[in-house]
Amino acid sequence: EPVKAPEPVKAAEPVKTAPVQQEAPEAKAKGSMSEAHSTPVAEDISALDPAVRQALEAARALEQGGGTTDKVIDAYRKAVAAAPAQRLPRRELARVLRGAERWNALADVLKDEADKVELTPDQKVATLFELVDLYKDRLRLDTMVINTFNAILAIQPGNVRALDAIAAQYESMKRWPDLIGALQKKAAQVEATEDKVAIFCRIARLFQEKFSNVAEAIKAYEQALALDADNGEAIAYLKSNYEKRRDWEK
Numbered sequence: 041e042p043v044k045a046p047e048p049v050k051a052a053e054p055v056k057t058a059p060v061q062q063e064a065p066e067a068k069a070k071g072s073m074s075e076a077h078s079t080p081v082a083e084d085i086s087a088l089d090p091a092v093r094q095a096l097e098a099a100r101a102l103e104q105g106g107g108t109t110d111k112v113i114d115a116y117r118k119a120v121a122a123a124p125a126q127r128l129p130r131r132e133l134a135r136v137l138r139g140a141e142r143w144n145a146l147a148d149v150l151k152d153e154a155d156k157v158e159l160t161p162d163q164k165v166a167t168l169f170e171l172v173d174l175y176k177d178r179l180r181l182d183t184m185v186i187n188t189f190n191a192i193l194a195i196q197p198g199n200v201r202a203l204d205a206i207a208a209q210y211e212s213m214k215r216w217p218d219l220i221g222a223l224q225k226k227a228a229q230v231e232a233t234e235d236k237v238a239i240f241c242r243i244a245r246l247f248q249e250k251f252s253n254v255a256e257a258i259k260a261y262e263q264a265l266a267l268d269a270d271n272g273e274a275i276a277y278l279k280s281n282y283e284k285r286r287d288w289e290k
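Printed below as a string of structure tokens:
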């Protein structure tokens, strides 16, 4: 089962995360929102249900009036509760949590947005990329980074940004079989011949350097050569190993 993000931090407690993250200043944890203030989402709320609109307006008024961080967060949570399927209240809550550096709570809000709000594929992918950045840069949860990238690729298998990012993540974790798998998926998605050739050559080098797997390296170089008959790297490797194969067969 995928590793779950840590339980949300209690509203009245300062946030604690990875050592690389600075602790939130006291003003952000318990004081006025004025120092952590950011501009509310610029979106027309007139079409919202009156109860939702009223809850949002009350939360914004409290925020603009210098309400405490915890009270402002609670007010936006009430707006979310008034319309669980609406995106705007969740966007506002996420904005405030980010300003207050409540990273665990923000992760929960973004996960709920991706799971519970009716979004377009592009909107859902954008939310998941936010979640990836949070897991990677703030919470240091490598497993959740991978899981979220895979969720993006389940929606958009050809998303090259996600394919590149998950490959980089696997490489940083030295998960070589997974890296090769990610590169193979990317090779199937990219259209430019030169990009495919470069990927097949990289796969071949990984098989050779990380596993000393000549047979798989040959297959990858053969795929590269099928697309680029003049590829010097593939020709040199295949020529050398074809000759060795003949020697072995004698």
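Each residue of the sequence shown is one higher than the last, beginning at 41 in my numbering. We treat Cβ as the ideally placed atom computed from N, Cα and C, and that holds for glycine. As the structure is a prediction and not an experimental result, all values here were calculated from the model.
Flag this pair as yes or no: are the beta carbons of residue i and residue j separated by less than 7 Å?
i: Ala191; j: Leu168; result: yes
i: Ala115; j: Ala125; result: no
i: Val185; j: Val200; result: no
i: Ala227; j: Lys236; result: yes
i: Leu179; j: Trp216; result: no
i: Leu174; j: Ala147; result: yes
i: Leu265; j: Ala274; result: yes
i: Val149; j: Ile113; result: no
i: Ala121; j: Val92; result: no
i: Arg127; j: Val165; result: no
i: Gly198; j: Gln229; result: yes
i: Thr109; j: Ala154; result: no
Does the beta carbon of residue i sit closer than 7 Å to a beta carbon anywhere in chain C?
i: Leu246; result: Among the chains in the structure shown there is no chain C, since it carries only a single protein chain.
Could you tell me if the beta carbon of residue i falls within a distance shorter than 6 Å of some heavy atom in the ligand MG?
i: Tyr175; result: Absence of the ligand MG is noted for the structure shown, with no ligands found whatsoever.
Return the Cβ separation of residue i and residue j in integer angstroms, given the expectation that the two are a contact with Cβ distance under 8 Å.
i: Pro161; j: Ile206; result: That belief does not hold up - the Cβ atoms of Pro161 and Ile206 are roughly 18 Å apart, past 8 Å.
i: Phe189; j: Gln163; result: That belief does not hold up - the Cβ atoms of Phe189 and Gln163 are roughly 17 Å apart, past 8 Å.
i: Pro129; j: Leu96; result: 6 Å
i: Leu219; j: Glu211; result: 5 Å
So residue i is in the alpha helix (DSSP H); what residue range does that whole segment cover?
i: Val200; result: 200–212
i: Leu102; result: 90–104
i: Ala119; result: 109–122
i: Glu262; result: 254–267
i: Arg215; result: That residue, Arg215, is in no alpha helix (DSSP H); it is neither H nor E in DSSP.
i: Ala232; result: It is not in any alpha helix (DSSP H) - Ala232 carries neither H nor E in the DSSP assignment.
Taking the alpha-carbon of residue i as reference, which of the options has the nearest alpha-carbon?
i: Lys259; options: Ala276, Phe240, Gly272; result: Phe240
i: Ala255; options: Asp270, Ala222, Leu278, Gly272; result: Leu278
i: Leu223; options: Phe247, Arg138, Glu283, Leu203; result: Leu203
i: Gln263; options: Glu249, Phe251, Arg242; result: Arg242
i: Leu181; options: Met213, Lys250, Ala276; result: Met213
i: Pro193; options: Glu170, Lys225, Thr183; result: In the sequence as displayed, the identity of residue 193 is Leu instead of Pro. Of Glu170, Lys225, Thr183, the residue nearest in Cα terms is Lys225.
i: Glu234; options: Lys250, Glu211, Ala269, Asn253; result: Ala269
i: Tyr261; options: Ala238, Asp152, Glu283; result: Ala238
i: Gln248; options: Asn281, Glu170, Glu103; result: Asn281
i: Leu102; options: Asn187, Lys151, Lys118; result: Lys118
i: Ile85; options: Leu219, Gly107, Arg131; result: Arg131
i: Glu138; options: Leu246, Glu283, Ala276, Glu170; result: Checking the displayed sequence, the identity of residue 138 turns out to be Arg instead of Glu. Considering only alpha carbons, the answer is Glu170.
**Prompt:** Quick one: complete alpha helix (DSSP H) runs, 4+ long, within the region 132–197?
**Reply:** 143–156, 161–174, 182–195
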